[in-house]
Amino acid sequence: MRKKLASVLLLSLVTVVFSTTDSGDLDVLMQFRDELDNPELLKWPENGGDPCGPPSWNHIYCENSRVTQIQAQGMGLKGTLPQNLNKLSMLKNIGLQRNQLSGKLPSFSGLSNLRYAYLDYNNFDSIPSDFLDGLDNLEVLALDDNNFNASTGWSFPKALENSAQLTNLSCMNCNLIGPLPDFLGSMPSLTNLMLSGNRLSGEIQGTFNGSALQMLWLNNQLHGGMTGPIDVVATMESLTVLWLHGNHFTGTIPESIVTGKITTKADVFSFGVVLMELLTGLTALDEDRPEETQYLAAWFWHIKPDKEKLRAAIDPSLDVKDETFESISIIAELAGHCTAREPSQRPDMGHAVNVLAPLVEKWKPLDDDDDDYCAIDYSLPLNQMVKDWQEAEGKDFSYLDLEDSKGSIPARPTGFAESFTSADGR
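Just so we're aligned, residue 707 is where the sequence shown starts under our numbering, counting upward by one.
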């Protein structure tokens, strides 16, 4: 008996000595596994082990013995989450979206290092009032398709206002009720706000005047929907995507929404996104991509400063080599400049031409036969090349003006009303 006890103590001591994972983090992970109905899907060692490795457990990422990421999306996991999940104090990224997790969502209070939280498309049925307390570095929060607090509904607590780094907030079909929180309109970094399919009511608050939002989805609110004038959206100079149908907004449609005459800086932003699409081969928005890359502009801004990450993101068809990567980096910087959060910080199109023109000269086709492609003489200045291309196409491209993109504003579409009600849903 003594020998057996000694062996157990020795084994425990060896485990402690050689384990690299923080003991508190290990306890949380073990509870996470124990509360799942199908933990075998994780393929974690049945007899303990060290989550941070080596080798590390599947779906777990660590830094200096602390768990920093849990990535187990789309695995069909069933069960509940441990209510002490916020003990993982160094957690930066949690990706549990598209599973079948249920029950009460644990509080994330105090997770000051958390930047990305993807909990969407699960079956959580309640959310604690302190869930968002202390999430000072949160950048992305996705809670879509969880029927939180079904009988009473819920609303974002004011504590969310302290998440000044938040860029993407998505809570579609998650049982939000009441007015649209006014503080959302003044959050400095928020660019994508998607709250479709809830029970929001009232009008778009005046705090959204001049908001930096680029994407706003408030469509299909249930039980009467939102109401009030639509004028405030005309002040959102960065807005490129607006969904308001299925509500009861009234009044005159702002000219900016009908004609696009917000400012030419909106065109510059779109041009920057096009440059990103050309460099990466990705579309501006694709919900089938991993969550962190769904919104191309936001993701591109994160990877752009890191040359290795930027190089890895370039479309393979461009066949990047050292001599071409310099030019690609210049284009990437221009794309970032064009999509600056504040419209006043974006360049005019003349600047974009000045940046790109030397690259056109540098990378024009070497084969003389290529000079005849589309009747373009690549030896000409960029403005002249565009003019020649217009003439070769035989179409009216009079709206193209590299000095001022105001000319690209289309006329009011035929049959587009001056004002609308819920029946129009625009």
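A virtual CB, placed ideally from N, CA and C, is assigned to each residue, including glycine. Predicted model, so just to flag it, every value in this text is computed and none were measured.
Three-way DSSP call (helix, strand, coil) for residue i in this model
i	result
Arg1017	helix
Asn828	coil
Asn853	coil
Cys880	coil
Pro885	strand
Asp1075	Because Asp1075 sits at a pLDDT of 49, beneath the cut-off of 50, its placement in the model cannot be relied upon, and the following sentence gives the value as read from the coordinates. Helix.
Gly782	coil
Ala1038	helix
Glu752	coil
Ile800	strand
Ala712	Bear in mind that the predicted position of Ala712 carries a pLDDT of just 38, short of 50, making it unreliable; the figure below should be weighed with that in mind. Note: Ala712 maps to helix in three-state DSSP.
Leu847	strand
Asn1204	Given that the chain is displayed from residue 707 to residue 1132, the structure contains no residue 1204 and the question cannot be resolved.
Ser808	strand
Met736	helix
Ala823	strand
Leu838	coil
Asp1110	For Asp1110, the pLDDT reaches just 38, beneath the cut-off of 50, and the residue's location in the model is therefore unreliable, leaving the point undetermined.
Leu899	strand
Trp1005	helix
Asn764	coil
Asn744	coil
Val980	helix
Thr726	coil
Met1055	helix
Leu991	strand
Glu1032	helix
Val1026	coil
Leu948	strand
Asn1133	Here the chain comprises residues numbered 707 to 1132, so residue 1133 is not present and cannot be evaluated.
Thr1120	With a pLDDT of 34 at Thr1120, under the threshold of 50, the modelled position of that residue is not reliable, and the figure given next carries that caveat. Note: Thr1120 maps to coil in three-state DSSP.
Asn915	coil
Thr1045	coil
Beta-carbon separation (whole angstroms), residue i vs residue j, contact threshold 8 Å
i	j	result
Ser907	Pro887	That pair is no contact at about 12 Å.
Thr727	Cys758	4 Å
Gly859	Asn881	5 Å
Ser902	Asn926	5 Å
Gln803	Lys784	Between Lys784 and Gln803 the Cβ distance is about 15 Å, and since that is not below 8 Å, they are no contact.
Ala990	Val979	5 Å
Leu794	Asp731	6 Å
Asn764	Trp750	7 Å
Ser835	Lys810	About 12 Å; that fails the 8 Å criterion.
Gly912	Gly931	With 8 Å as the limit, Gly912 and Gly931 do not qualify as a contact, their Cβ atoms being about 19 Å apart.
Arg905	Ile936	Wrong, their Cβ atoms sit about 20 Å apart, outside the cutoff.
Asn829	Ser808	4 Å
Residue(s) in a DSSP beta bridge with residue i
i	result
Phe955	Gly934
Ser670	Residue 670 lies beyond the residue range present for the chain, which begins at 707 and ends at 1132; the question has no answer from this structure.
Glu769	Arg772
Gly908	Met932
Trp860	Leu882
Met921	Asn898 and Val947
Gln927	Per DSSP, none; premise fails for Gln927.
Gln777	Gly801
Best match in the options for proximity to residue i [C-alpha to C-alpha]
i	options	result
Ser892	Arg905, Trp750, Ala870 and Ile883	Ala870
Arg772	Gly952, Leu945, Asp831 and Asn819	Asn819
Leu1024	Trp1007, Leu984, Lys1015 and Pro996	Leu984
Asp1054	Gly930, Leu981 and Phe977	Phe977
Leu825	Asp836, Asn1060, Leu849 and Asp831	Leu849
Ala1133	Val1026, Phe854 and Ala1046	Because the chain in this structure spans residues 707 to 1132, residue 1133 falls outside the shown range and cannot be described.
Phe914	Phe854, Glu943 and Asn753	Glu943
Asn792	Thr946, Trp1069 and Thr774	Thr774
Ala1003	Asn799, Val938, Asp733 and Met982	Met982
Tyr822	Thr999, Pro788 and Thr933	Thr999
Pro863	Ser857, Glu845, Pro885 and Asp851	Pro885
Val846	Phe889, Leu890, Asn799 and Ser808	Asn799
Asp994	Cys768, Leu747 and Gln779	Gln779
Thr897	Asn852, Asn855, Thr946 and Ala856	Thr946
Phe854	Ala865, Tyr827 and Asn744	Tyr827
Leu1065	Glu752, Ile1037 and Glu1048	Ile1037
Ile1020	Thr986, Gln1051, Arg1052 and Thr941	Thr986
Pro1049	Met781, Ile766 and Ala918	Ala918
Asp743	Gly782, Trp1005 and Lys1027	Gly782
* Do the segment 1020–1038 and the segment 868–878 make contact, defined as three or more Cβ pairs closer than 8 Å? -> no
* Asked: Counting Cβ pairs closer than 8 Å, one from the segment 801–821 and one from the segment 834–847, do we hit at least three?
  -> yes
* Asked: Counting pairs of Cβ atoms below 8 Å between the segment 912–927 and the segment 892–902, do you hit three or more?
  -> yes
* Stretch-stretch touch, CB-based, cutoff 8 Å, three pairs: the segment 1002–1020 with the segment 1041–1061 -> yes
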